[in-house]
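Chemist: Protein chains in written order, with the numbering used here: chain D, 1 to 204; chain G, 205 to 408.
Cβ atoms here follow ideal geometry from the backbone N, Cα and C, with glycine treated the same way.
Number of protein chains: 2
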Amino acid sequence: MDKNLKRMATMHRMQVAGLELFYTQGYYNTSIDDILKKLDLSKGAFYYHFQSKEEFFISIVQNLVFRKVYSLLIEPIEGEANPLHAIENCLDDALQTAEHNEMDFGFVLANFMAEFNGRNDKIVQYLRDICKVWEVNLVSSLQRGKTDGFIERHVDSEGVANYIIASYFGIRTLMVGANARMLRYNYMQQTRNYFRSLSPVVVA
Amino acid sequence: MDKNLKRMATMHRMQVAGLELFYTQGYYNTSIDDILKKLDLSKGAFYYHFQSKEEFFISIVQNLVFRKVYSLLIEPIEGEANPLHAIENCLDDALQTAEHNEMDFGFVLANFMAEFNGRNDKIVQYLRDICKVWEVNLVSSLQRGKTDGFIERHVDSEGVANYIIASYFGIRTLMVGANARMLRYNYMQQTRNYFRSLSPVVVA
DNA sequence: ATCAAAACCGACCGCCTGGTCGGTTTAACG
DNA sequence: CGTTAAACCGACCAGGCGGTCGGTTTTGAT
């Protein structure tokens, strides 16, 4: 029982350190030794717990990345009444963590998709699956927003969901390097603009 | 004189083949030998013309990528009367080439920015410079659109320009793999939605 | 034809990478 | 205790990488 606990603990430590380095340096540019050095562990420990670098990465995606995307980008929207407001706040929160150079899991997704595109279809598929979950949940929130009168009935929920995801991925790509703060401000401003075009016309 | 021509021709061949492979396989995942194999050239030829792999890549960015971004994403907008229409058509054209799996230079930019982010600041800077040129030109087109009455006067041109670039980068990231056609359709639909929110209110 | 410079060749080097494996330490259990 | 399996170590390997360099071929001017 305790053995199993230790196993889990070690694997988790490796995954956390792995994600950190894969995120900051890229998958192909990060060696297993890099990760092990951070943890004072050896190759033997790594290959005792994981079959290969690829399988290791996939376990990170399915455990850490998926859970985080879910808890940070999906769950916060579910409970709220007005989906557009909820999405807006959610994106702003995510960009704020990004601005402080912490790991922003929406971008982790976009970043890895770009890196593995055309290089490792298997991994791309896992990443796309997570995107799909995000998209599906956005769509159902938007649909709910229609029936609740927060969104125009003729709006194409799927199109909107994709547009939200796309613009978010893109702004994160642009935020690398400089003036992240201003980009975030501009982005949120335009998002509100866009969202206004989806709301029912309110007679002032 | 003829010597110089041959020099240029060989360098250009290398750059074209290099971009092709860097784009499809990634920079860190493409070896110089990969490129040379395609051209039946040797290491000697490569290091005769270029100082290093990095310098080679930068020359590709400044020559091929920059020119193409300019001619495909910037120039087509300059001449047109209504900037929003022009931008819309331009994006649609770019996504169409992307759909046919040809090289789409807007995405080349986004792709490389993701790959080099945090790994090679020098290269990131060159890529950001190209983004900046794109942005600046979008802004001036949008401003012109305001004075010409195609765009609401209170619109924040810089914010809009960033939003356009971001959403484009993002949709291209999402288009990797499957249903590119539908994503493009949805994206253009929502772009038109968004642009409508920037236009002066027309009394129907 | 001559010859120097430009263009190109390809063997070679040092380094790093993912992965292997025989061995050692650790710790739960009878 | 002693035993046994899980957990971990680290030297090692084959292969690939960016980059070097002494040498050969091509080329254009004389």
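With distances taken Cα to Cα, identify the nearest neighbour of D:Q143 among D:S197, D:A178, D:V133, D:A161.
Modeler: To locate residue 143 of chain D, count along the first sequence from 1; it is residue 143. Nearest C-alpha to D:Q143: D:A161.
Chemist: For G:C335, go through chain D and note every residue whose CB falls closer than 8 Å to its CB, in chain order.
Modeler: One-based indexing of the second sequence puts residue 335 of chain G at position 131. Simply L174.
Chemist: Is G:T395 buried or exposed, if buried means 16 or more other CB atoms sit within 10 Å of its CB?
Modeler: Counting from one through the second sequence, the residue named residue 395 of chain G turns up at place 191. With 16 or more Cβ atoms within 10 Å of its Cβ, G:T395 is classed as buried.
Chemist: Could you give the distance in angstroms between the alpha-carbon of G:K247 and the alpha-carbon of G:T228?
Modeler: The residue given as residue 247 of chain G occupies position 43 in the second sequence. The residue given as residue 228 of chain G occupies position 24 in the second sequence. The straight-line gap from Cα to Cα measures roughly 21 Å.
Chemist: At a CB-CB cut-off below 7 Å, which residues of chain G make contact with D:A180?
Modeler: Position 180 of the first sequence, counted from the start, is the residue given in the question as residue 180 of chain D. Ordered by position in chain G, no residue passes the 7 Å Cβ test against D:A180, which lies about 12 Å from the chain.
Chemist: With 8 Å set as the bound, which would you pick, yes or no: does the beta-carbon of D:E115 sit closer than that to a beta-carbon of chain G?
Modeler: Translated into positions along the first sequence, residue 115 of chain D becomes position 115. Answer yes: the Cβ-Cβ gap between D:E115 and chain G drops below 8 Å somewhere.
Chemist: Say whether chain D places a C-beta atom closer than 8 Å to the C-beta of G:Q266.
Modeler: One-based indexing of the second sequence puts residue 266 of chain G at position 62. Answer no: the Cβ-Cβ gap between G:Q266 and chain D never drops below 8 Å.
Chemist: Considering only the alpha carbon of each residue, which of G:I327, G:Y389, G:M307 lies closest to G:F316?
Modeler: Here residue 316 of chain G refers to the residue found at position 112 when the second sequence is read from its first residue. Nearest C-alpha to G:F316: G:I327.
Chemist: Pick helix, strand or coil for D:L41, following the three-state DSSP scheme.
Modeler: Numbered from 1 along the first sequence, position 41 holds the residue referred to as residue 41 of chain D. The answer is coil: DSSP assigns D:L41 none of H, G, I, E or B.
Chemist: Jot down the residue ranges of each uninterrupted alpha helix (DSSP H) in the segment 228-285 of chain G, minimum 4 residues, whole runs only, in chain order.
Modeler: Complete alpha helix (DSSP H) runs here, min 4: 236-243, 247-253, 257-264, 270-273, 279-282.
Chemist: Just checking: is the beta-carbon of G:S371 within a distance shorter than 8 Å of some beta-carbon in chain D?
Modeler: Along the second sequence, read from residue 1 onward, the residue named residue 371 of chain G stands at position 167. Yes, its Cβ sits closer than 8 Å to a Cβ of chain D.
Chemist: List, from N- to C-terminal side, the alpha helix (DSSP H) runs of 4 residues or more that fit wholly inside the segment 282-323 of chain G.
Modeler: Whole alpha helix (DSSP H) segments, 4+ residues: 287-303, 309-320.
Chemist: Rounded to the nearest angstrom, what separates G:V340 and D:D33 at their Cα positions?
Modeler: Start at 1 with the first residue of the second sequence, and residue 340 of chain G comes out as number 136. Start at 1 with the first residue of the first sequence, and residue 33 of chain D comes out as number 33. The alpha-carbon atoms of G:V340 and D:D33 are separated by roughly 43 Å.
Chemist: First and last residue of the alpha helix (DSSP H) that includes G:F373?
Modeler: Against the second sequence, residue 373 of chain G aligns to sequence position 169. Unbroken alpha helix (DSSP H) run through G:F373: 361-378.
Chemist: Determine the closest residue to D:Q83 out of D:N4, D:V139, D:A9, with distance taken between C-alpha atoms.
Modeler: Along the first sequence, one-based indexing puts residue 83 of chain D at 83. A quick correction: the sequence has Pro, not Gln, at residue 83 of chain D. The shortest Cα separation from D:P83 among D:N4, D:V139, D:A9 belongs to D:V139.
Chemist: Do three or more CB pairs link the segment 211-226 of chain G to the segment 245-265 of chain G at distances below 8 Å?
Modeler: The segment 211-226 of chain G, when compared against the segment 245-265 of chain G, does touch it at the 8 Å Cβ threshold.
Chemist: Grouping DSSP H, G and I as helix and E and B as strand, with all else coil, what is G:I337?
Modeler: Residue 337 of chain G sits at position 133 when you count from the first residue of the second sequence. It should be pointed out that residue 337 of chain G corresponds to Val in this sequence rather than to Ile. In this structure, G:V337 counts as helix in the three-state DSSP scheme.
Chemist: So that I know if they touch, is there some Cβ in chain D lying closer than 8 Å to that of G:Y330?
Modeler: Residue numbering aside, residue 330 of chain G sits at position 126 when the second sequence is read from its first letter. Output row for G:Y330: interface = no.
Chemist: Quick check: the segment 102-111 of chain D against the segment 61-69 of chain D, are there 3 or more CB pairs under 8 Å?
Modeler: Judged by Cβ distances under 8 Å, the segment 102-111 of chain D makes contact with the segment 61-69 of chain D, as three or more pairs qualify.
Chemist: Should D:M8 be labelled buried (16 or more other beta-carbon atoms within 10 Å of its own) or exposed?
Modeler: Here residue 8 of chain D is taken as the residue at index 8 of the first sequence, counted from 1. D:M8 comes out exposed.
Chemist: Expressed to the nearest angstrom, what Euclidean distance is found between the alpha-carbon atoms of D:C145 and D:S31?
Modeler: Taking the first sequence and counting its residues from 1, the one referred to as residue 145 of chain D is at position 145. Taking the first sequence and counting its residues from 1, the one referred to as residue 31 of chain D is at position 31. Reading off the sequence shown, one finds Gly at residue 145 of chain D, where the question assumed Cys. Near 46 Å, if we compare the C-alpha coordinates of D:S31 and D:G145.
Chemist: What is the residue span of the alpha helix (DSSP H) that D:L198 lies within?
Modeler: Reading the first sequence from its first residue, position 198 is the one you call residue 198 of chain D. Element bounds for D:L198: n/a, residue is neither H nor E.
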